[in-house]
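Structure first, then comments.
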Amino acid sequence: MSTLYLQDMALIFDSMAIRKNIAYDRVNDIMRGYVDLGEMSTNNSKEFATEALVLMVVSYTITSILQNNYTFKPFIKHPMNDSLIYAILDPPHMIKLCRNCFSECNISHKGHHISFAFISKLFDIQEDIDFKFANKLSRAHLEYYNKKMNVRLATQTISNRVASAIDYLRLFY
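Counting from 6, one number per residue, gives the positions in the sequence shown under my numbering.
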């Protein structure tokens, strides 16, 4: 291969839950939203799709913009053959893990207590006064256990808007 950097690649696959929904595709004159296995199956299913599976081959290129003294190494050596194994973090999963960890652990930073209970208290206050401080908190954000894979809920729960509302309410409570 003449371009060596294209030899380093990753096969990425992931699935995600999707809502049952049927939509008309005007361009191809077909209904979308049913289970579709592509050319693997000739079965024209009338079963609603509930998951999407994505497979991608991705080539990663890192330019030399990093400083020489940069010490972050996103890899470990394979114990059997000394090849390098790279860790590539998936941002949506990292957001959900942060939310899950935050809800289950008490955190201290510079002597200040940080707790998921603050988010619960914010929700309770907003319910009591029937007013939201520019955030989207709902009961689903607090009782997320059946929707742990929902990135939108996780992102909204640990959003800057929620943090700002908690900061504001600290002045009064």
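Glycine included, every Cβ here is placed at the ideal spot set by N, Cα and C.
Residue pairing by DSSP puts Y91 in a beta bridge opposite F80. Look at the beta carbons and you see the stretch 31-50 not touching the stretch 110-122: under three pairs across the two are nearer than 8 Å. The beta carbon of A28 is closer than 8 Å to those of M36, R37 and G38 in its chain, skipping five residues each way along the sequence. One Cα belongs to F18, the other to D133, and the distance between them is close to 44 Å. Distance from I124 to V156 at the Cβ level is roughly 17 Å; contact not present, criterion being Cβ atoms closer than 8 Å. Distances from the alpha-carbon of V62 to those of I90, A15 and K101 put A15 closest.
Sequence-distant partners of D41 (beyond 5 residues in either direction) whose C-beta falls short of 8 Å from its own C-beta, in its chain, are S50 and A54. F136 counts as exposed, since fewer than 16 other C-beta atoms from the protein chains shown sit within 10 angstroms of its C-beta. Shortest Cα-Cα distance from E56 to any of T162, C103, R144 and A22 involves A22.
A residue is called buried when at least 16 other Cβ atoms come within 10 angstroms of its Cβ; F177 does not meet this threshold and is exposed.
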